[in-house]
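Protein chains in written order, with the working numbering: chain A, 1 to 792; chain B, 1001 to 1792. Quick reminder that beta carbons are idealized off the backbone N, C-alpha and C, glycines included. Because the structure is a prediction, the values reported are computed rather than measured.
Number of protein chains: 2
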Amino acid sequence: MISPQVVNSRVRHRGAMANGFASISNGVPDEESITAPFLRLRRSTSNTTSQIAIVGSNPCPVESLDYEIMENDVFKQDWRSRSKIQIFQYTSLKWTLCFLIGIVVSLIGFFNNLAIENIAGVKFVVTSNMMLANKYLAAFLIFAAANLGLTLFACLITTLIAPETAGSGIPEVKAYLNGVDAPAIFSFRTLVIKIVGSIAAVSSSLNVGKAGPMVHTGACIAALTCQGGSEKYGLTWRWFRFFNNDRDRRDLVTCGSAAGIAAAFRAPVGGVLFALEEMASWWRSALLWRAFFSTAIVAILLRGLTDLCLSGKCGLFGTGGLIMYDVTSVNISYHLKDVPPVLLLGVIGGIAGSVYNFLLGKVLRLYNLINEKGTAYKILLACLVSIVTSCLLFGLPWFATCRPCPVDASEPCPTIGRSGNYKKFQCSPDHYNELASLFFNTNDDAIKNLFSKGTDTEFHPTSVLIFFITCFFLSIFSYGIVAPVGLFIPVIVTGASYGRLVGLLIGSSSNLNHGLFAVLGAASLLGGSMRMTVSLCVILLELTNNLLLLPLIMLVLLVSKTVADAFNGNIYDQIMSLKGFPYLETHAEPYMRQLTVSDVVSGPLRIFNGIELVANIVHVLRTTGHNGFPVVDEPPHSEAPILYGLILRSHLITLLKKKAFLLTPTPTGEDAIKHFSANDFAKQGLGTAEKIEDIELTEDEMEMYIDLHHFTNASPYTVVETMSLAKALTLFRGVGLRHLLVVPKTSERLPVVGILTRHDFMPEHILGLHPMLAKSKWKRLRFKFPLWNKIF
Amino acid sequence: MISPQVVNSRVRHRGAMANGFASISNGVPDEESITAPFLRLRRSTSNTTSQIAIVGSNPCPVESLDYEIMENDVFKQDWRSRSKIQIFQYTSLKWTLCFLIGIVVSLIGFFNNLAIENIAGVKFVVTSNMMLANKYLAAFLIFAAANLGLTLFACLITTLIAPETAGSGIPEVKAYLNGVDAPAIFSFRTLVIKIVGSIAAVSSSLNVGKAGPMVHTGACIAALTCQGGSEKYGLTWRWFRFFNNDRDRRDLVTCGSAAGIAAAFRAPVGGVLFALEEMASWWRSALLWRAFFSTAIVAILLRGLTDLCLSGKCGLFGTGGLIMYDVTSVNISYHLKDVPPVLLLGVIGGIAGSVYNFLLGKVLRLYNLINEKGTAYKILLACLVSIVTSCLLFGLPWFATCRPCPVDASEPCPTIGRSGNYKKFQCSPDHYNELASLFFNTNDDAIKNLFSKGTDTEFHPTSVLIFFITCFFLSIFSYGIVAPVGLFIPVIVTGASYGRLVGLLIGSSSNLNHGLFAVLGAASLLGGSMRMTVSLCVILLELTNNLLLLPLIMLVLLVSKTVADAFNGNIYDQIMSLKGFPYLETHAEPYMRQLTVSDVVSGPLRIFNGIELVANIVHVLRTTGHNGFPVVDEPPHSEAPILYGLILRSHLITLLKKKAFLLTPTPTGEDAIKHFSANDFAKQGLGTAEKIEDIELTEDEMEMYIDLHHFTNASPYTVVETMSLAKALTLFRGVGLRHLLVVPKTSERLPVVGILTRHDFMPEHILGLHPMLAKSKWKRLRFKFPLWNKIF
């Protein structure tokens, strides 16, 4: 299909060009690669720009996003220059979408909790009833079988239908907001599996959370609503055309992730701060305002829905679920002498958090190796985790001695059935099993018990220690299974038990009650593992509903984050790097100041002429994976070669599909764009991007021309080849680019010498090209344990 | 002093250059200005880049800041590539500074409150005592005289010592964080006058606030501490050299302003969010973390200090002051039927807020005209406002009828002396004057009374209406006086009275108590005037210490901001534009997409050669006000003219001062930089920048040369002249630049054709050059009232 001329032009050098149209040329001339020592090195390591730097043990093919406003003749104006009616449509639709996101996320959040509480509740009620009838073995078998079935279900649907839903989804959403589009993370299928899988996994008593999946769900809903429903089912609406771009979608996904946290913890302000602190890479003031609107809707609606359930219409939901540990009524007073134990709590929490991250990273690497072996291995692993969990949850309480119910207990003791502080388990009447109160419960209820006040005598230190150790390791070994599971709740429950333990050990030398210690312990482990500050602080405040705790929580978070940062990094960043996402950091590494952009830019560069032969375009699109191509005007259309702009692969495909071809290479007038609407060039719906292979062209059409000028972004950002890489990164990251053109310093050569993409800024790529620079990496003030890394 | 050659070279055209060193040339060749229609226009309107676009009725000379990292040979490496010890120094010092800022700000905040409560308290006690003795006239005279004296003192020290401290200071700090450095806003003198003046002004019973001045104070402390103390008094320390740049100073000023709000409202999270939402133009995750640390310190220390005062050691402080309206104990329950009144409250609050902003803008313009006439007018205006205020505060309560004390009052009734709900004023025993409870009190106490629960029957609607109207207009007419006064507290007190009024009018049809209505009213007016959302919400929550209020406050803020945004803009933005600060918006106006950078860039451009004659440099520095100059290598040092980089005026002055001159124009080696340390080129301390006029050079020295290469930023950001202005703005704003070089599209001309600075992006400047574009301004969906603007 490709004409000989085209194939020929691929290898022809610039200097030999005669007709001015054979423009598929190598942007890095040969003489250049002789003088610059780095260029040869570069050539040998990488061939095309878009295939580099996907690292980690589990690489996944990702696409970059364009957060910059396109500026070609078709898109010349952004929405602000539109008519008042269009602006009204745009603005009102954006607010409506935020409103819808809030509504849908809160409904799903409520439904999730309802489902989990009822499924897990029925399981616990049935098991408890059998235990009351002394059928302990049968109780265990039913308990374990129910857990295994639920885990198996979650793992099966994840593995077979939507493998991209495995894990919490927070790293994927974070990467998306940074400009990395992992495949299918925002499809309708992903949404459904995420919700159903998360319900099954959490109900199966695994030590996993529902907050992370809720964030992903929120982001997914945002991405889907901003598409205007599913294109497949013809549900799109004209107004939604405004949102067919990466910028608006990014904004709404940010709102969606804020709404997700708000729904998970009923923490509206915390949700906004979480999105700001942990998720978003670009933030605007207007976004704060919209995210806040979404989370406000979530908070109000969730409150209403939970109130509805108070009258007992929601089955077993209403007494537990939707964690909200109301400790308002505790009159907290603390003095200077309470500060040292709190500081100690923070320090140990920070160390525990960093150990947690370290071990989780190692386990995830191990699990990746197992999971890569095939579906059967994935399912086996999940089943193994489920069985071990069931054994521990059912078995460990037997080691606790039964204790008599306290006389002044504020709740019925022993509790029989689902939730409650004093579980009977195997004990005789009027006795309770303290370990069962923690183990034989949903995580939400365990947290509630640990946070509760006036229960300082309920638990024995040994029991809490056993619970802490079990939770710590169970949560590490549970996260890696192939199911939609989160990390937040396991870390909170582990941290709360640790805090309670510290409270018990310190005893009466502090006048803080043990529930408060549990809250602070949760804060310290969260801070040590997730490394957020303000957002965690506000989430915990909203959870516990007591602002007087603020200074203490702040102190613990600051200490634990500082301590943990001295050892390793944020858990989500670790997972992102394991997944191989090319996440673009804000700061430039020091060695980037010693390199110029020409030291990392990789060839060969494909250039199009302003008026280009169809066959050339088709050939280049078929043979490369590049997503952007420089357009250069050359003689006879200009006196000297001049860089005209940058054209995107997707726009070229649209042009080829519309077949707006010219018989001769003559420039077209302004009316050429009349055949196109801005919508033709808009970002396609999720997963519906067209491929060059789908376009069929005749031999005659191949010999025709396209005038690319009107469809080219005529204002691409450029850097001079001698610009330091650090400054290029600042530009790339600051503006949110996908392509950055490199222009030559002197004018004798081609007007463009390369294109920088996200991958060219990845430390792995740069250090691969220039290994001698590894020494001048950013020196964090961090303790190193080479021995540890050897052992594990 | 200037050699004839130099003077000559000023007028010589580029083409006539022979020796290649007479480089003071006009960057826009004449032929260019004939072909491009805009260039002539531009020439006639403006001469130099740095003198344009200072608009508004009260222009003030400002300097732009450079938030980008300098990259010349001396500064090649940023701190991350330094040795571990240096990194440790840098990091620990940065945290220490945040800690210090927190400590100092909380101490000052505490001291402020202590002073205000004691000064105002003594005044009220003396007056009350005289009234008890029935000496009403004398009481009034003492009251009025005390107020007048305090106002006069505040106005005098402001006018005579530090005029830049007038107003709240929030607009100045906000502009600084955007990159606009108004003169002397962060000097030690400013700090002292701000503190003392604010204490005097607030104590004088003017309806003004202390929160705004507290923000400025916090920012000032941050700027001063990061300078490492005062250079004047030799208190600098070597470690502080790391902070001699605009970026680090900006970060610390952001932390300082967060600490300021935290100290004013004892709202640590609210302070961070305020800095994020309202103040900062650039935000990094690390900043959140540092600002949070500062505000945590403030919160903890303030709590400790206030606790100390509970035992009565702080004079009259301890019972009032440091507003913290503890409404925790109110059991709030609200239902769906409470939503409509709350919505109504929000709508009216939004309208009232926008009217407030509108009137305040008009009054400020009027006051500016009066204040410009001279010091006497400023003082007279302040005295007039003080006398009117005293008359209203003392006079209006006489219109209220005395009411018998309620039998079940939780406080002593009537209160005699300073603070309390039931003021006796002129009433007979066992009666109280409801208006005096509001008027004859500090603002803090008035707010506390309005927010208080269980006082639904205390006030009559007419009294609250009188109070609302008086506060509304008093606060508008008080802000413009030349003294350090803020807006937050007046808006809160006005809003609280409005909310209380709505509560009284709605009466029993809502089961929210009136104190709650007052809180919501304050939220609605704050939202309508300041247009913040999340930060105001959190500040109010921290003030009232009741998280259950969250959904209602959110709702009110969202509604009132939305309504108010339909009429006009944020109050601080209005004040900034009145002050003529060239504030750089994040969004590009639509007409910027229709312009290229060459349409706005203004000449003449001054260019230096890589090796330049000293006389030329001196001449250019003396005759222009430019702060950055392109450096171009020309034959014989290069084959063709090549853009080498950008050099700053301050660095040129350093070079001239050090006299590192060459006898012949030969390039120097790397060792040339050994005579300089990075510190020589660091940002000078506040107000200590050296001037070219201070440097004396001999005739011989004038004929020598300087090799500029090692001191030039060799990686300046560049845009092609055909780049759309909107995209150039995105780059300029995104990276935080001060200068942006414009390079030509084709290579026949000079390698640089212009420099873009902040002023070139100001809408006033652009629309001045291209008035026909005014039509395509950003169309806000906003109601217009041309009639109103005519009347006022």
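What whole-angstrom Cβ distance do residue i and residue j have, given they're in contact under 8 Å?
{"i": "ASP1707 (chain B)", "j": "LEU1662 (chain B)", "result": "6 Å"}
{"i": "VAL519 (chain A)", "j": "GLY499 (chain A)", "result": "7 Å"}
{"i": "THR1295 (chain B)", "j": "ALA1259 (chain B)", "result": "6 Å"}
{"i": "ALA1144 (chain B)", "j": "ILE1506 (chain B)", "result": "That pair is no contact at about 37 Å."}
For a test of the three-state rule: what should DSSP assign to residue i, helix, strand or coil?
{"i": "LEU1465 (chain B)", "result": "helix"}
{"i": "GLU1690 (chain B)", "result": "coil"}
{"i": "PHE1099 (chain B)", "result": "helix"}
{"i": "ASN1129 (chain B)", "result": "helix"}
{"i": "LYS727 (chain A)", "result": "helix"}
{"i": "PRO404 (chain A)", "result": "strand"}
{"i": "THR586 (chain A)", "result": "coil"}
{"i": "ALA1774 (chain B)", "result": "helix"}
{"i": "HIS1431 (chain B)", "result": "strand"}
{"i": "GLY1705 (chain B)", "result": "The sequence shown places Tyr at residue 1705 (chain B), not Gly. Note: TYR1705 (chain B) maps to strand in three-state DSSP."}
{"i": "GLU699 (chain A)", "result": "helix"}
{"i": "ILE481 (chain A)", "result": "coil"}
{"i": "GLY1754 (chain B)", "result": "strand"}
{"i": "LEU1613 (chain B)", "result": "strand"}
{"i": "THR1596 (chain B)", "result": "strand"}
{"i": "GLY486 (chain A)", "result": "strand"}
{"i": "LEU1148 (chain B)", "result": "helix"}
Mark residue i as exposed unless 16 or more other C-beta atoms lie within 10 angstroms of its C-beta, in which case mark it buried.
{"i": "LEU1336 (chain B)", "result": "exposed"}
{"i": "LEU1595 (chain B)", "result": "buried"}
{"i": "ILE1085 (chain B)", "result": "exposed"}
{"i": "TRP289 (chain A)", "result": "buried"}
{"i": "CYS391 (chain A)", "result": "exposed"}
{"i": "MET530 (chain A)", "result": "buried"}
{"i": "GLY256 (chain A)", "result": "buried"}
{"i": "TRP283 (chain A)", "result": "buried"}
{"i": "SER1602 (chain B)", "result": "buried"}
{"i": "VAL1173 (chain B)", "result": "buried"}
Across which residues does DSSP place residue i in a beta bridge pair?
{"i": "GLY1350 (chain B)", "result": "In the DSSP output, where bridge partners are listed per residue, GLY1350 (chain B) has none listed."}
{"i": "GLY645 (chain A)", "result": "A:VAL631"}
{"i": "LYS1362 (chain B)", "result": "Partner(s): none; LYS1362 (chain B) has no beta bridge."}
{"i": "SER64 (chain A)", "result": "A:VAL180"}
{"i": "ASN1713 (chain B)", "result": "B:LEU1646"}
{"i": "VAL720 (chain A)", "result": "A:VAL743"}
**Request:** Report the residues of the stretch 1694 to 1727 of chain B with a CB closer than 8 Å to any CB of chain A, ordered along the chain.
**Result:** From the stretch 1694 to 1727 of chain B, only ALA1714, SER1715, TYR1717, THR1718, VAL1719, VAL1720, THR1722, MET1723, SER1724, ALA1726, LYS1727 have a Cβ closer than 8 Å to chain A.
**Prompt:** Using a beta-carbon distance cut-off of less than 8 Å, what residues from the stretch 1276 to 1307 of chain B approach chain A?
**Reply:** Of all residues in the stretch 1276 to 1307 of chain B, the ones placed with a Cβ closer than 8 Å to any Cβ belonging to chain A are LEU1276, GLU1277, TRP1283, ARG1284, SER1285, LEU1288, TRP1289, PHE1292, PHE1293, ALA1296, ALA1299, ILE1300, ARG1303, GLY1304, in chain order.
**Request:** May I ask you to list, following chain order, the residues of the stretch 642 to 653 of chain A that have a beta carbon less than 7 Å from some beta carbon of chain B?
**Result:** Within the stretch 642 to 653 of chain A, the residues whose Cβ lies closer than 7 Å to some Cβ of chain B are ILE642, listed in chain order.
**Asked** Using a Cβ cut-off of 7 Å, which residues of the stretch 251 to 267 of chain A contact any Cβ in chain B, in chain order?
**Response** Going along the stretch 251 to 267 of chain A in chain order, one finds no residue with a Cβ nearer than 7 Å to chain B.
**Prompt:** At a Cβ cut of 7 Å, what residues of the stretch 725 to 755 of chain A count as close to chain B, listed as they run along the chain?
**Reply:** Residues LYS727, THR730, LEU731, GLY734, VAL735, LYS745, THR746, SER747.
**Prompt:** When you check each C-beta in the stretch 1543 to 1554 of chain B against every C-beta of chain A, which residues fall closer than 8 Å?
**Reply:** For the stretch 1543 to 1554 of chain B, which is checked against every Cβ of chain A, the residues closer than 8 Å are ASN1545, ASN1546, LEU1547, LEU1548, LEU1550, PRO1551, MET1554.
**Within 8 Å of chain A by C-beta, residues of the stretch 1630 to 1642 of chain B in sequence order** = Cβ contacts with chain A come from GLU1639, ALA1640, ILE1642.
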